[in-house]
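Colleague:
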Amino acid sequence: MNLNIGMIGTGSIGLVHLLSLKKIQEDNLLSKHGVNIKILGVADIDENKLNNLKRNNPYNVEYFTTNPDEIIKDKNINVMYITTPTKFHKDYYIRIAEEGKYIFCEKPLAFTLEDIKEMISVEKKQGVLTQVGLVLRHCPILWKLKQILLENNEAFGMRLSFIFRDAQEWPIGSRIHPSEWRKDPSLAHAGCLFEHSIHDVDMLEYLFGNDSKLSKLFAKIRYISPLTQKRLEDVATIKFEYEDGFVGDLISIWNKVRMDVRRIEIFFENGYVVLDGYTGFSFKKFEYLIGRKKTRLKLNEIINEYLKEKDLPQITPSTGLYFFENLHFLESIIKEEKPYPGLEIGYKAHKIIELAYQSSRENKMLSLN
Numbered sequence: 024m025n026l027n028i029g030m031i032g033t034g035s036i037g038l039v040h041l042l043s044l045k046k047i048q049e050d051n052l053l054s055k056h057g058v059n060i061k062i063l064g065v066a067d068i069d070e071n072k073l074n075n076l077k078r079n080n081p082y083n084v085e086y087f088t089t090n091p092d093e094i095i096k097d098k099n100i101n102v103m104y105i106t107t108p109t110k111f112h113k114d115y116y117i118r119i120a121e122e123g124k125y126i127f128c129e130k131p132l133a134f135t136l137e138d139i140k141e142m143i144s145v146e147k148k149q150g151v152l153t154q155v156g157l158v159l160r161h162c163p164i165l166w167k168l169k170q171i172l173l174e175n176n177e178a179f180g181m182r183l184s185f186i187f188r189d190a191q192e193w194p195i196g197s198r199i200h201p202s203e204w205r206k207d208p209s210l211a212h213a214g215c216l217f218e219h220s221i222h223d224v225d226m227l228e229y230l231f232g233n234d235s236k237l238s239k240l241f242a243k244i245r246y247i248s249p250l251t252q253k254r255l256e257d258v259a260t261i262k263f264e265y266e267d268g269f270v271g272d273l274i275s276i277w278n279k280v281r282m283d284v285r286r287i288e289i290f291f292e293n294g295y296v297v298l299d300g301y302t303g304f305s306f307k308k309f310e311y312l313i314g315r316k317k318t319r320l321k322l323n324e325i326i327n328e329y330l331k332e333k334d335l336p337q338i339t340p341s342t343g344l345y346f347f348e349n350l351h352f353l354e355s356i357i358k359e360e361k362p363y364p365g366l367e368i369g370y371k372a373h374k375i376i377e378l379a380y381q382s383s384r385e386n387k388m389l390s391l392n
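Add 23 to the 1-based position in the sequence shown for my numbering, that's all there is to it.
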């Protein structure tokens, strides 16, 4: 079996995926399955972006095109990546699914819940396998955080509260995440909560959703920055309440400070967990306390434990969690297993976010059901 990959969109996230795929290819990480991968074709309607990539071609792409249909219709391509601005996700997804190709679709999935429902319906009808780019579910650091919560559930005692803080430099004119299209609501739909903190909303489901269902939320969303004429939110706060009484807050911020960092605090009857300065690739502090015993964690030990758990060789992937995300997707295809996370998980995150927008508009707490 050969996996011939096509990609639509060569922005910053597209290049990250290409780099991850190149690493998987060069290290022969799929050879144990008797599988080879080839990045066959890449499409982008922006000819300048495409030419810049084509000039050096560090990923050994076979051909480039400004016509996405050429990639979609190519019978030699059986795996597709959708890494375009959000506006185009649904349309490309449906057209690719109708060709029977495996699909990786970046987040956010689409502008509306109805659009995502349509994508789910097409997925089922065509019988294709889909993975959604909620990449934090493949982060060794957050995987370890979840293991700590599971292994120490009784010792921690009753869950009390949490604080998630997500602060990122505005992606407009940013040196960290340059993506000018995000200033246009017709391409991005919404701001910091929708485009970035969808990851954090999904993490709340990943970490806490199995223990008790989210029941209510109350949100305040503000539109401050003149960068988008106050059309896209750059401050969002959401208060969450679970069926067992567990409560907490998510704070999402876009500003002009050069940073992309998260802080997570979880409080229990008998202790706490703190993850500070988390970037997806590293952290400043990761510790937990139970009673009087404090445990501090080291990044290299977490990575080694994760590699052992996933039966991977000792590697140092330059793209971190994106590397693990891509490797999982390709191995799911090879094993003919449902990739993780799928469209249904993506839909749940979108549903929570849409409820937050509604709560802020109506200035009241809303029930998830």
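Note that the Cβ used here is the ideal one computed from N, Cα and C, for glycine as well.
Can you tell me which of the three DSSP states T430 falls into?
Modeller: Missing from the structure shown is residue 430; the chain here goes from 24 to 392 and no further.
Colleague: For the beta strand (DSSP E) holding K110, just list the boundary residues, first then last.
Modeller: Where K110 is concerned, there is no enclosing beta strand (DSSP E), given that its DSSP letter is neither H nor E.
Colleague: From the DSSP output, read off the bridge partner residues of E288.
Modeller: Beta-bridge pairing links E288 to I186, V297.
Colleague: Hey, R286 and G271: beta-carbon distance below 9 Å or not?
Modeller: Not a contact, by the Cβ cut-off of 9 Å.
Colleague: Let me check understanding here. Comparing Cα to Cα, which of A259, M30, S35 lies closest to D458?
Modeller: The first residue shown for the chain is 24 and the last is 392, placing residue 458 beyond what the model contains.
Colleague: Rounded C-beta distance between V155 and L132? I'm assuming under 8 Å.
Modeller: About 6 Å separates the two Cβ atoms, so the contact holds.
Colleague: By a C-beta neighbour count over all protein chains shown, 10 Å radius and 16 as the cutoff for buried, is Y86 buried or exposed?
Modeller: Under this definition Y86 is an exposed residue.
Colleague: Would you call D189 buried or exposed, if buried means 16 or more other Cβ atoms sit within 10 Å of its Cβ?
Modeller: With 16 or more other Cβ atoms within 10 Å, it is buried.
Colleague: Can you tell which of E360, T251, K167, L330 has the C-alpha that lies nearest to the C-alpha of M226?
Modeller: Considering only alpha carbons, the answer is K167.
Colleague: Just mark N79 as buried or exposed, buried being the case when its beta carbon has 16 or more other beta carbons within 10 Å.
Modeller: Burial call: exposed.
Colleague: Relative to the alpha-carbon of A178, which residue among L255, F290, I368 has its alpha-carbon at the smallest distance?
Modeller: Minimum Cα distance to A178 is reached at F290.
Colleague: Looking at C-alpha atoms only, which residue of N349, L391, G64, K331 is the closest neighbour of C128?
Modeller: Answer by Cα proximity: N349.
Colleague: Leaving aside the five residues before and after L73 along the sequence, list all residues of the same chain whose C-beta is less than 7 Å from its C-beta, in chain order.
Modeller: The answer, listed in chain order, is T33, D67, F87, T89.
Colleague: Excluding the 5 residues preceding and the 5 following Q381 in the sequence, name in chain order all residues of the same chain whose CB lies nearer than 7 Å to its CB.
Modeller: The residues are L389.
Colleague: On the CB-based measure, 16 or more other CB atoms within 10 Å of its CB, does I94 come out buried or exposed?
Modeller: That one is buried.
Colleague: Note the first and the last residue of the continuous beta strand (DSSP E) segment covering Y370.
Modeller: Unbroken run through Y370 is the alpha helix (DSSP H), 366 to 385; no beta strand (DSSP E).
Colleague: Name the residue from P163, I105, L152, Y116 whose alpha carbon lies nearest to the alpha carbon of K333.
Modeller: Nearest of P163, I105, L152, Y116 to K333, Cα basis: P163.
Colleague: Note down the Cα distance separating S235 from Y370, rounded to an integer number of angstroms.
Modeller: When rounded, the distance between both Cα atoms is 19 Å.
Colleague: Got a sec, what are the start and stop residues for the alpha helix (DSSP H) A10 sits in?
Modeller: The question about residue 10 has no answer here: the residues shown for the chain are numbered 24 through 392.
Colleague: What residue range does the alpha helix (DSSP H) around E93 cover?
Modeller: Per DSSP, E93 belongs to the alpha helix (DSSP H) from 91 to 96.
Colleague: Indicate the three-state DSSP secondary structure (helix, strand or coil) for A120 in the structure shown.
Modeller: Looking at A120 - three-state DSSP - the assignment turns out to be helix.
Colleague: Please return the same chain residues whose Cβ sits closer than 7 Å to the Cβ of I62, not counting the five positions on each side in sequence.
Modeller: Taken in chain order, the residues that qualify are I28, L41, L44, Y82, N83, V84.
Colleague: Give a yes or no on contact between the stretch 181 to 196 and the stretch 261 to 275, applying the rule of three or more CB pairs nearer than 8 Å.
Modeller: At 8 Å Cβ cutoff, the stretches touch.
Colleague: Along the beta strand (DSSP E) that carries S238, what are the first and last residues, could you check?
Modeller: From DSSP, the beta strand (DSSP E) with S238 extends over 237 to 245.
Colleague: What residues in its chain sit with their C-beta under 8 Å from that of T302, if we drop five residues either side in the sequence?
Modeller: Contacts found: D283, V284, R285.
Colleague: How big is the Cα-Cα spacing for E264 and L378?
Modeller: About 13 Å.
Colleague: Got a sec, what are the start and stop residues for the alpha helix (DSSP H) R78 sits in?
Modeller: Where R78 is concerned, the enclosing alpha helix (DSSP H) stretches over 70 to 79.
Colleague: In the DSSP assignment, find the beta strand (DSSP E) that holds E310 and state where it starts and stops.
Modeller: It spans 308 to 313 - the beta strand (DSSP E) in which E310 sits, taken as one unbroken run.
Colleague: Please tell me whether R205 and L173 are closer than 9 Å, where the distance is taken between their beta carbons.
Modeller: Going by C-beta atoms, R205 is not nearer than 9 Å to L173.
Colleague: Express the C-alpha separation of Y115 and K106 in angstroms, rounding to a whole number.
Modeller: Correcting the residue type first, residue 106 is Thr in the shown sequence and not Lys. Cα-Cα distance, rounded: 10 Å.
Colleague: Verify whether the separation of the beta carbon atoms of L391 and L216 is less than 9 Å.
Modeller: It is not a contact, given that the beta carbons lie outside the stated cut-off.
Colleague: What residue range is occupied by the uninterrupted beta strand (DSSP E) comprising F263?
Modeller: That run of the beta strand (DSSP E) goes 258 to 265.
Colleague: Identify which residue in W193, R281, N327, I325 has its Cα closest to the Cα of Y246.
Modeller: Answer by Cα proximity: W193.
Colleague: Would DSSP call M226 helix, strand or coil?
Modeller: M226: helix per DSSP, three-state reduction.
Colleague: Please list, in chain order, all residues of the same chain as N101 whose beta carbon is under 6 Å from its beta carbon, the five residues on each side excluded.
Modeller: Answer for N101: N27, K124, listed in chain order.
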